[in-house]
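K.L.:
Under numbering that gives the first Met the number 0, the letters of the sequence shown match residues 0 to 115, in that order.
Ideal Cβ placement from N, Cα and C applies to all residues, glycine included.
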Amino acid sequence: MRMEGVPKIADFKMDVTENDAGYVVKADIPGVKKEDIHVAIDGNSVSVSAEAKQETEEKEGDKLIHSERYYGRVSRSFTLGSEIDEAQSQAKYADGVLELTLVKKSAAATKTLAIQ
């Protein structure tokens, strides 16, 4: 069996939309269990990481002759224009798509320091 080209290192694609209340992030992360996806929020920075684990089930007499599927860890980090309220934000994963609904912190929740 001969195949041309080598697949690129896996990277997931994202769409980010903004409205008055916050942001919606849709990330394509197929082939990963939701338990293997992690989202971290720090102020206005968001990090998403996922790990695709290789299935080790082999039937007797079968041998793998070609593999293109990616196994391993992928991650993306990005910064948004407003700080995120982690307590009000949500994450859903279905059909290979991670959807984050990230709620903006209200202006009253943002702390400012008086200059003396």
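1) Smallest Cα separation from K103: which of S66, V45 and K58?
2) Mind checking A116: buried by the 16 CB within 10 Å criterion, or exposed?
3) Please report how far the alpha carbon of I114 lies from the alpha carbon of K52, in whole angstroms.
4) Find out if the Cβ-Cβ distance for the pair T78, S88 is shorter than 8 Å.
5) I36 and G95 - do their beta-carbons sit closer together than 8 Å?
P.N.:
According to the structure data:
1) Counting from one through the sequence shown, the residue named residue 103 turns up at place 104. The residue with the shortest Cα to Cα distance from K103 is V45.
2) Given that the chain is displayed from residue 0 to residue 115, the structure contains no residue 116 and the question cannot be resolved.
3) For the purposes of this step, residue 114 is taken as the residue at position 115 of the sequence shown. For the purposes of this step, residue 52 is taken as the residue at position 53 of the sequence shown. Computed Cα separation, rounded: 52 Å.
4) On the sequence shown, position 79 is the one that residue 78 refers to. On the sequence shown, position 89 is the one that residue 88 refers to. Not a contact, by the Cβ cut-off of 8 Å.
5) On the sequence shown, position 96 is the one that residue 95 refers to. On the sequence shown, position 37 is the one that residue 36 refers to. Result no, Cβ atoms of G95 and I36 do not sit closer than 8 Å.
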